[in-house]
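Presented below is the structure to which this report refers.
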Amino acid sequence: MLDDYLKANLQSWDEAVGLHVDSELYDVAGFKAGTTSLSEIELGELGLFVGEGTTLLHLQCHFGLDTLSWARKGAVVTGVDFSGEGIRTARSLAREVGLTKRATFVQSDVESLPDKLSGSFDVVFTSWGALIWLGDLERWAEVVDHFLKPGGVLYIAEFHPYAFLLADDATPESLRIGYPYFMYGVPQRFDEDGDYADPQAKTEHTVTFEWLHGFGEIIDPLLRRGLRLDFLHELPYTVPGLPFSFLEKDDRGMLRVKRHHDDFPLTFTLKLTKEAR
Ligand SMILES: C[S@@+](CC[C@H](N)C(=O)[O-])C[C@H]1O[C@@H](n2cnc3c(N)ncnc32)[C@H](O)[C@@H]1O
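Terminal number for the sequence shown in my numbering: 337, no gaps in between.
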């Protein structure tokens, strides 16, 4: 049974798909013409482990651009998202760009995925604004572990928890804290018009529930399941998509905090390996 948080989030995400497909941020036309939607961050760190025939499970794949970009690099991909709109769009894009043989899309929330999908994977991948939608990272870690082959890797590229702590009206001169770091499992309720890809958009489903997860909450459940931590990297820049006014694009198109280009964390990446037991 979808709980109330999940239902509200699902309505919001189903509505977001159409906006995102038409947005400059997601650049679907560029993707269809052959560009990758993956950033230099995940291409540089995970790209080494993804080649011809690598099996890759993408959790919370949205409408599949990143999933299909990994398929273009030779991976055999499975994208999962709870949004029916997202999955329908991903399947249609896969057909349009000729990747149906190496791309499968499954509609499921993360927690109940083992009931809907079988098999195990060389890589489990998740990125950019995925974890804040999950309330139970113990269950998420169990699902990740379930789908990883022995020797397989989990790779995460995410917005740094610190970036979500700042107040909505924070400025470069006053980077004020507006949200708690420790949430004790209770989500933050937002009721906001607009969308990160189109802040002026008028949306119908404005209520969402989000969880900020600190590093301990993210990493501990994975370590408890026996995964080996290979690295945790923190970077002072991130990919476009965070709609905060205290950010600006640098010369490479990455977001940084205005007047704090090198001294404020905006991204973390994590790689863990499921050792052969
Ligand atoms: C910000 S997007 C992830 C970004 C993604 N890397 C991209 O391609 O833009 C978050 C995704 O998580 C999905 N999602 C949120 N809660 C979920 C859940 N409980 N189970 C599965 N998918 C979920 C949403 O539908 C959305 O597609």
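Cβ atoms here follow ideal geometry from the backbone N, Cα and C, with glycine treated the same way. If you're wondering where the values come from, they're calculated on a predicted model, not measured in any experiment.
Is residue 190 near ligand 1, with its Cβ less than 7 Å from a heavy atom?
-> yes
Separation of residue 184 from residue 204, as counted between CA atoms | 7 Å
In the DSSP assignment, find the beta strand (DSSP E) that holds residue 116 and state where it starts and stops.
-> 115 to 119
Spatial neighbours of residue 325 within its chain, please: CB distance less than 8 Å, with the 5 preceding and 5 following residues excluded, ordered by chain position.
-> 220, 222, 223, 294, 295, 296
Would residue 116 pass as a contact of residue 165 if the rule is Cβ separation under 8 Å?
-> no
Below 6 Å CB to CB, which residues in the same chain sit around residue 106 once its five sequence neighbours on both sides are set aside?
-> 215
Can we count residue 122 as close to ligand 1, meaning its CB is less than 7 Å from some heavy atom?
-> yes
With hydrogens ignored, establish whether the beta-carbon of residue 66 is closer than 7 Å to any heavy atom of ligand 1.
-> yes
Say the cut is 7 Å; is the CB of residue 146 nearer than that to a heavy atom of ligand 1?
-> yes
Any chance you could list the beta strand (DSSP E) runs of at least 3 consecutive residues sitting entirely within the region 195 to 239, in chain order?
-> 208 to 219
Do the CB positions of residue 128 and residue 163 come within less than 8 Å of each other?
-> yes
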